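For reference, the structure discussed in these notes is given below.
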Ligand code: MN
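Now the structure itself:
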């Protein structure tokens, strides 16, 4: 025997002009839907979804039945959006919980699509049951973002899964053992964008009446900015199994977390929520609060939308162009060398003189040849850097300079050179000849 007590609250917030959220609170079915889509779309989508959910679940009140009911709700919203051009692109999130009897046992079935959330408050500790179907959350899963970064990430509003935006939907389903004293929180992102888990947890633990808790949470989210519609459903397990086990079982049934990319492609719409950003509803906000609200409004106006195939294609192509440019620059840089002077020593560098874009020259060969070993008239261009296409040609260049210097000092070592007139009798022998071996 499981008995639940619940309370709910919803609010338009301080920025939006309409409330597209919807709370459902019936004896055995609880839900939060957060609609999206221009004009009336968002409101229609959330309303259609929860109505279809309730009817379908009533026919088959089991865990699988609840999941099927979400699939049916999806079909209902999708079909309607196809029939009415004004409603095209509408969609909604949906998180729902119900008590179902399976094999003579009461079980809490919980489903989710989108970025509304369900939390379990057990023994003073709050755990998030659902997983957001947003781009930011996907990035957390792949390790590109931490949860803290995701909470403020600009992509946290871009959904990878929503209800009613395509003919098919993947539903996450959990079965949870009801434990007396447990409290469940179902909420739209209007709550979690404004309050962190610590703040929510504090309210959940401090007030007994579920309706009062819901109202307090909504009010707190308003006070913290209220940039979006805020909806909260609180469900308490007042009669259920005793908490003999400190770790209650939460069984996830086939939530397909890895299917997000295919969802992304399946989403055929890209309609930002028409979120008028007037903050006229704010009663008497301080200037700082108003500034904050405006900032949030701008953020909200960018809105939540579904990523489309075209967007994805654009991102991929853009990425390819960037990668191409990167490798071209890299090729240009790493396929060039020059001879320069460092502390009176000739050094061969890889790269372009003075660096190229973000590439700085890298020392590849300290030749051991000093500025005294080469003709003085070459020093100017050496200090500026003499470009060569390969390390080998750079070494040859250095070797030639050393030979030229030897020639100047002792034309006899030039070995029948015709370019340097033999003005000095060949009386002295070369002593510095081995220098050249250093550079090869
Ligand atoms: Mn929302």
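Numbering (the working numbering), first residue to last: 469 to 908.
Beta carbons: idealized from backbone N, C-alpha and C, even for Gly.
These figures come from a predicted structure and were not determined experimentally.
- Query: residue 580: beta carbon under 8 Å from a heavy atom of the ligand MN?
  - Reply: For the purposes of this step, residue 580 is taken as the residue at position 112 of the chain shown. Every heavy atom of the ligand MN is 8 Å or more from the Cβ of residue 580, so no.
- Span of the beta strand (DSSP E) holding residue 538? Numbered from its first residue, the chain shown carries residue 538 at position 70. Counting along the chain, residue 538 falls outside any beta strand (DSSP E), though it belongs to the alpha helix (DSSP H) covering 531–551.
- So who's on the other strand from residue 824, going by DSSP bridges? The residue labelled residue 824 in the question sits at position 356 within the chain shown. Under the DSSP definition of a beta bridge, residue 824 partners with 827.
- With a 10 Å radius around its C-beta and 16 neighbouring C-beta atoms as the bar for buried, classify residue 662 as buried or exposed. As a working mapping, residue 662 is identified with position 194 in the chain shown. Per the 10 Å Cβ criterion, buried.
- the segment 645–653 / the segment 566–581 touching (three or more Cβ pairs under 8 Å): yes
- Item | CB-CB length for residue 558 against residue 509, believed under 8 Å | On the chain shown, position 90 is the one that residue 558 refers to. On the chain shown, position 41 is the one that residue 509 refers to. Residue 558 to residue 509, Cβ: 3 Å. Contact.
- Item | Counted within 10 angstroms of its Cβ, other Cβ atoms place residue 860 as buried (16 or more) or exposed | Position 392 of the chain shown, counting from 1, holds the residue named residue 860. When all chains shown are included, residue 860 counts as exposed.
- Pull up the distance between the alpha-carbon of residue 653 and that of residue 674, whole angstroms please. Taking the first residue of the chain shown as 1, we reach residue 653 at position 185. Taking the first residue of the chain shown as 1, we reach residue 674 at position 206. Each residue's Cα considered, the two are about 14 Å apart.
- List the DSSP bridge partners of residue 479. Within the chain shown, the letter at position 11 stands for residue 479. Residue 479 is bridged to 698.
- Assuming residue 829 and residue 872 make a contact with CB atoms under 8 Å, what is their CB distance in whole Å? Mapped onto the chain shown, residue 829 falls at position 361. Mapped onto the chain shown, residue 872 falls at position 404. Rounded, the Cβ-Cβ distance is 25 Å, inconsistent with contact.
- Boundaries (first-last residue) of the beta strand (DSSP E) holding residue 658: Looking up residue 658 in the chain shown gives position 190. Element bounds for residue 658: not the beta strand (DSSP E) but the alpha helix (DSSP H), 657–660.
- What is the C-beta distance between residue 975 and residue 659, in whole angstroms, given that I count them as a contact (C-beta under 8 Å)? Only positions 469 to 908 of the chain appear in this structure, which leaves residue 975 out of reach.
- As assigned by DSSP and simplified to three states, the class of residue 636: If you number the chain shown from 1, residue 636 lands on position 168. Looking at residue 636 - three-state DSSP - the assignment turns out to be coil, as it is neither helix nor strand.
- Going by other Cβ atoms of all chains shown within 10 Å of its Cβ, with 16 needed for buried, is residue 795 buried or exposed? Sequence index remark: in the chain shown, residue 795 carries index 327 (1-based). The residue is exposed, with fewer than 16 neighbouring Cβ atoms inside 10 Å.
- Do residue 599 and the ligand MN come close, with the Cβ less than 8 Å from some heavy atom? As a first step, residue 599 is located in the chain shown; it is residue number 131 there, counting from the start. Between the ligand MN and the CB of residue 599, the shortest heavy atom gap is not smaller than 8 Å.
- Leaving out five residues on either side along the sequence, give the residues of the same chain with a beta carbon under 7 Å from the beta carbon of residue 598. On the chain shown, residue 598 is found 130 positions in, with the first residue counted as 1. Excluding sequence neighbours, residue 598 sits near 563, 580, 585, 586, 640.
- Query: Among 856, 542, 504, 565, which one has its Cα closest to the Cα of residue 534?
  - Reply: For this step, residue 534 is matched to residue 66 along the chain shown. Measuring C-alpha to C-alpha distances from residue 534 to each of 856, 542, 504, 565 identifies 565 as the nearest.
- Query: Do you know offhand how far residue 678's Cα is from residue 529's?
  - Reply: In the chain shown, residue 678 corresponds to position 210, counting from 1. In the chain shown, residue 529 corresponds to position 61, counting from 1. Their backbone Cα atoms lie some 24 Å apart in a straight line.
- Task: Please find out if some non-hydrogen atom of the ligand MN comes closer than 8 Å to the beta-carbon of residue 657.
- Result: In the chain shown, counting from the first residue as 1, residue 657 sits at position 189. Yes.
- Nearest-angstrom Cα separation, counted from residue 789 out to residue 783: Along the chain shown, one-based indexing puts residue 783 at 315. Along the chain shown, one-based indexing puts residue 789 at 321. Residue 783 and residue 789 have their C-alpha atoms spaced approximately 10 Å apart.
- Query: Do you know how far the Cα of residue 837 is from the Cα of residue 814?
  - Reply: Indexing the chain shown from 1 puts residue 814 at position 346. Indexing the chain shown from 1 puts residue 837 at position 369. Straight-line Cα distance between these residues: approximately 6 Å.
- Message: Threshold first: 4 residues or longer. Then list the alpha helix (DSSP H) segments lying entirely within the segment 665–696, N to C.
- Response: Here the runs fully enclosed are 665–674, 678–691.
- Query: What are the boundary residues of the alpha helix (DSSP H) that residue 861 is part of?
  - Reply: By 1-based counting over the chain shown, the position of residue 861 is 393. Looking at the DSSP string, the run of the alpha helix (DSSP H) that includes residue 861 is 859–877.
- Message: Using the three-state DSSP reduction, which class does residue 554 fall into: helix, strand or coil?
- Response: The residue given as residue 554 occupies position 86 in the chain shown. Helix at residue 554.
- Task: Look at residue 946 and residue 816 and say whether their C-beta atoms are less than 9 Å apart.
- Result: Residue numbering for the chain in the displayed model covers 469 to 908; residue 946 lies beyond these limits and cannot be assessed.
- Starting from the C-beta of residue 589, find all residues in its chain whose C-beta is less than 6 Å away, skip the five residues before and the five after it, and write them out in chain order. Position 121 of the chain shown, counting from 1, holds the residue named residue 589. Taken in chain order, the residues that qualify are 651, 672.
- Item | Rounded separation between residue 821 and residue 780 - CA only | As a position in the chain shown, residue 821 is number 353, starting the count at 1. As a position in the chain shown, residue 780 is number 312, starting the count at 1. About 39 Å.
- Message: With H, G and I counted as helix, E and B as strand and the rest as coil, what does DSSP make of residue 508?
- Response: The residue labelled residue 508 in the question sits at position 40 within the chain shown. The answer is coil: DSSP assigns residue 508 none of H, G, I, E or B.
- Query: Can you find a heavy atom of the ligand MN that lies under 8 Å from the Cβ of residue 502?
  - Reply: For the purposes of this step, residue 502 is identified with residue 34 of the chain shown, where counting begins at 1. Within the cutoff, so yes.
- Query: Per DSSP, which one or two residues make a beta bridge with residue 619?
  - Reply: On the chain shown, position 151 is the one that residue 619 refers to. Residue 619 is not bridged to any residue.
- Task: Over the uninterrupted beta strand (DSSP E) stretch that includes residue 848, give me the two end residues.
- Result: Taking the first residue of the chain shown as 1, we reach residue 848 at position 380. Not the beta strand (DSSP E): residue 848 falls in the alpha helix (DSSP H), residues 847–852.
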